[in-house]
Amino acid sequence: MPDLKTQRTYALVGHGGSGKTTVAEMLLFNSGVVNRLGKVEEGSTVLDFEPEEIKRRGSIQPGFASFKWNKNDHFLIDTPGDSNFAGDLSYSLTAADGVVMVIDAVDGVKPLTRKIWAQVQEMGLPSMIVINKMDRDRADFDLAFNGISDALGARPALLYYPIGSKEDFKGVVDMLSGKALIFGADGAVTEGDIPGDIADEVETIRETMIENIAESDEELMEKYFEEGELAPEDITKGLQAGVASGELVPVVVSAALNCQGGRMILDTVQSLLPGPLDHKPWQGEDGSELTSSPDEALACFVFKTQADPFAGQLTVVRVLAGQLSPDSQLVNTANGEKERVGQLLLMNGKEQAPVKTPMGPGAIVTLAKLKNTHTGDTLVEKGEFKLAKPELAPQLITFALAPEEKGDEDKVYAAVAKLLEEDITLTLGRDEESADILLSGMGQNHIEISVEKAKRRYKTAILLKTPKVPYRETFKTGAKEIQGRHKKQSGGRGQFGDCWIHVAPKGSGEGYEFVDQIVGGSIPRQFIPAVDKGIQETAARGVLAGYPVIDFQVTLYDGSYHNVDSSEMAFKVAGSLAFKKACEKAKMALLEPIMLVTVAVPDSFMGDVIGDLSSRRGKVLGSDSQAGITEVKAHVPMAEMLRYAPDLNSMTGGQGTFFMEFAAYEECPPQETEKVIAANKKHDEE
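Under numbering that gives the first Met the number 0, residues 0 to 685 are what the sequence shown spells out, in order.
If you want it as structure tokens, here you go:
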């Protein structure tokens, strides 16, 4: 088994376009896994291998790699940076002991960077930051570095200061040793002199770094004040303690496309990020705890499922405790099913390599052909430990799916259902009102690419259409003394049901209430529930535009019956007729769902975003600006938000993020009501 003290398991995180996959490619090159650098633009990287990833030049699922650095085992998880595909980031973070966050030197900290950082902090993971793309045309080291403290609220410890930038980026100053490291070909470095024009700046930043390190430990602080300096071993010890506690965040710079800075990243991971034995105890659903130790009973957490065209379903697990060996017999504590593990596989992108030695805590291992195991499950050798599942991000958008040819609905449903196994941020269902197949996800891009994947893999022709907004109908005024009478004679036994009702509106969210005021047996007891049922079934179909009627009270106060011809069916029809008449007599209103929308954008886009939300009939509730990023909250009708994601993207150059949740139902304006009624009428005619 690998040496767990020096083993490292970490997740690469950051906003889309910051260059995470290119950084990962550089690390694989530096560690000897690949002998040439792949490029995202050419679709030749190890970790982006799905056709949809190559086409869009970005990750749509986590990528996995395992390699050695200076004879130490490293397990790397490259996470997607696009919010469309980062809904299950919490699962990847659960599998990691530490985090390497990548920030773009051109754009610095973006709104999504803050959101991801908040998630990392919430999970208490020790972290380091890489300022990447130092060679780019508009690279601005100061902007990116200052954003770490100003926008993220972190205390940075700059370990490598850049020598030059943009096309002149040629090396770094190692702040701990005080030596300049000049880049050569293929990531090689040679020692050199610190350029005179940055010597003073380097010294100032080094002093700040030493102060930050000293402040993270009382003993070191006293020593620093007494002696005015810290010994190298004290600096390293203080750094390690500060990183472990989350007080300090080491910062490294790189230009991954040119293979510059990879060795510094790997050295920093090795020296400052924790190993699996340092992981805090794992929390079970029942409050139990499990220590991250090879001497504990074996437990593995399934944090990702992937589909392989040849091997079928691949289950990716993090070993929490104990030792996982080939041919282990495990139990899934989620469902009690037994699973036999065959080979253990280590992944580098789509390449799988079998491993014959037992794998201990921290190992990221892939298992093939498990029968009844899903993402989020816990596998154990004995006992009943079940890891508490991480929270998923809320889904933001729903689309309706339809087959290109009528009659193929079940085929479409089955094809998309297969994707749910590997993408737990998708949900699939059917709308009882419209009979539509509904697919919900993290954004329009997410839905479109998922459908593209289903079409490619399962040869199913699928159409995407905007889903039906779940409008509702309600009473604005009541209606009294409404009769519903059903009488039919057609030879033999007839049908007779007669009821009288009052209808009154109720408050928002108060639901439906049926009040039975029948006295003297004017309607026999056995027929009263039938009246209620007839009213409810008609209300579910709607009267204005085909949407359910909500929040009203019906009082049944009188009626009559026939000894022979009355039946449950007759009174059900009578209740339906009475309800329809009440709707004609009363004033009805169409209600639309209102969403609470939270948008985060750089300050410069605030005016555009607020103006756009107002044009969508939104009511802005307020805004809050912090460190150059504004968060706007607004109530906006759902009908106006169905295609908001691409609009926000183009409005902010991809720098805006948003999420929304249901807030309330409100009355629809007359003009919008007319549109919805007309659309429903047209749909019925078709």
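Even for Gly, the Cβ is constructed at its ideal location relative to N, Cα and C.
All figures in this text were calculated on a predicted structure; none of them were measured in a lab.
Where residue i falls, given that 16 or more other Cβ within 10 Å makes a residue buried
i, result
"SER244", "exposed"
"ALA85", "buried"
"PRO125", "buried"
"LYS681", "exposed"
"GLN654", "buried"
"THR424", "buried"
"LEU462", "exposed"
"ASP96", "buried"
"ALA255", "buried"
"ALA198", "exposed"
"ASN444", "buried"
"VAL172", "buried"
"GLU24", "buried"
"GLY286", "exposed"
"ALA544", "buried"
"LEU620", "exposed"
"VAL518", "exposed"
"PRO668", "exposed"
"GLN259", "buried"
"ASP196", "exposed"
"SER65", "buried"
Distance cut-off 8 Å: residue i Cβ against heavy atoms of the ligand HEM
i, result
"GLY508", "For the structure depicted, the ligand HEM is absent and the ligand set is empty, with no information on it obtainable."
Beta-carbon separation (whole angstroms), residue i vs residue j, contact threshold 8 Å
i, j, result
"LEU419", "GLY428", "The Cβ separation is near 11 Å, so there is no contact."
"VAL739", "LYS165", "In this structure the chain extends from 0 to 685, so residue 739 is not present and cannot be described."
"THR78", "SER91", "5 Å"
"LYS586", "ILE481", "Rounded, the Cβ-Cβ distance is 14 Å, inconsistent with contact."
"ALA298", "LEU319", "4 Å"
"LEU265", "SER449", "Incorrect: roughly 34 Å between the Cβ atoms, too far for contact."
"GLU665", "ILE593", "5 Å"
"GLU338", "LEU369", "5 Å"
"ALA503", "GLY477", "4 Å"
"ALA539", "GLY574", "About 13 Å separates the two Cβ atoms, so there is no contact after all."
As assigned by DSSP and simplified to three states, the class of residue i
i, result
"GLU246", "coil"
"ARG317", "strand"
"LEU542", "For clarity, residue 542 is Val in the given sequence; the question names Leu instead. Note: VAL542 maps to coil in three-state DSSP."
"ARG154", "coil"
"THR332", "coil"
"MET358", "strand"
"VAL258", "According to the sequence shown, residue 258 is Cys rather than Val. Here CYS258 sits in coil by DSSP."
"HIS501", "strand"
"PHE604", "helix"
"PRO547", "coil"
"ASP149", "helix"
"SER91", "helix"
"MET637", "helix"
Among the options, nearest to residue i - alpha-carbon criterion
i, options, result
"ASP134", "LEU647, ILE197, ALA663, SER253", "SER253"
"CYS582", "GLN488, VAL608, PHE551", "PHE551"
"ALA94", "SER82, ASP81, ASP103, MET122", "MET122"
"VAL268", "GLY107, VAL251, THR21", "VAL251"
"GLN305", "LEU75, GLU451, MET346", "MET346"
"GLY533", "PRO402, VAL502, LYS571, PRO504", "LYS571"
"THR459", "ALA434, THR426, GLU408, THR476", "GLU408"
"GLU451", "GLU390, VAL32, ARG55", "ARG55"
"PHE657", "PRO636, SER624, LYS114", "LYS114"
"ARG484", "GLU336, PRO353, LYS580, GLY237", "LYS580"
"GLY442", "ALA638, GLN60, PHE224, GLN394", "GLN394"
"VAL689", "GLU221, ALA230, GLY261, ALA213", "Any question about residue 689 goes unanswered here, given that the chain covers just 0 to 685."
"HIS73", "ASP422, LYS38, GLY359", "GLY359"
"ARG205", "PRO273, GLU228, GLU217", "GLU228"
"SER622", "GLY545, VAL518, ASP602, PHE66", "ASP602"
"ASP103", "ASP81, VAL129, PRO110", "VAL129"
"LEU175", "ASP167, GLY152, ILE234, TYR664", "ILE234"
"SER324", "PRO504, VAL354, PHE302", "VAL354"
"MET640", "THR597, GLY520, VAL411", "THR597"
"VAL372", "VAL316, TYR412, ALA392, THR397", "At residue 372 the sequence reads Thr, which differs from the Val that was named. Answer by Cα proximity: VAL316."
"VAL157", "LEU238, PRO547, SER89, SER82", "Per the sequence shown, residue 157 should be read as Leu rather than Val. Answer by Cα proximity: LEU238."
"LEU612", "HIS634, THR629, ALA64", "HIS634"
"ASP376", "PHE302, GLY382, TYR412, GLY341", "PHE302"
"GLU383", "GLY606, GLU284, LYS467, SER327", "GLU284"
query = Does the stretch 505-516 come within contact of the stretch 565-584, defined as at least 3 CB pairs closer than 8 Å?
reply = no
inquiry  = Counting beta carbon pairs with one atom in the stretch 315-332 and one in the stretch 33-48, are three or more of them shorter than 8 Å?
reply    = no
ask   = Does the count of Cβ pairs from the stretch 185-195 and the stretch 203-211 closer than 8 Å reach three?
value = no
query = Can at least three beta-carbon pairs, one atom from the stretch 28-36 and one from the stretch 142-153, be found at a separation below 8 Å?
reply = no
key: the stretch 274-283 touching the stretch 2-20, judged by at least three CB pairs closer than 8 Å   = yes
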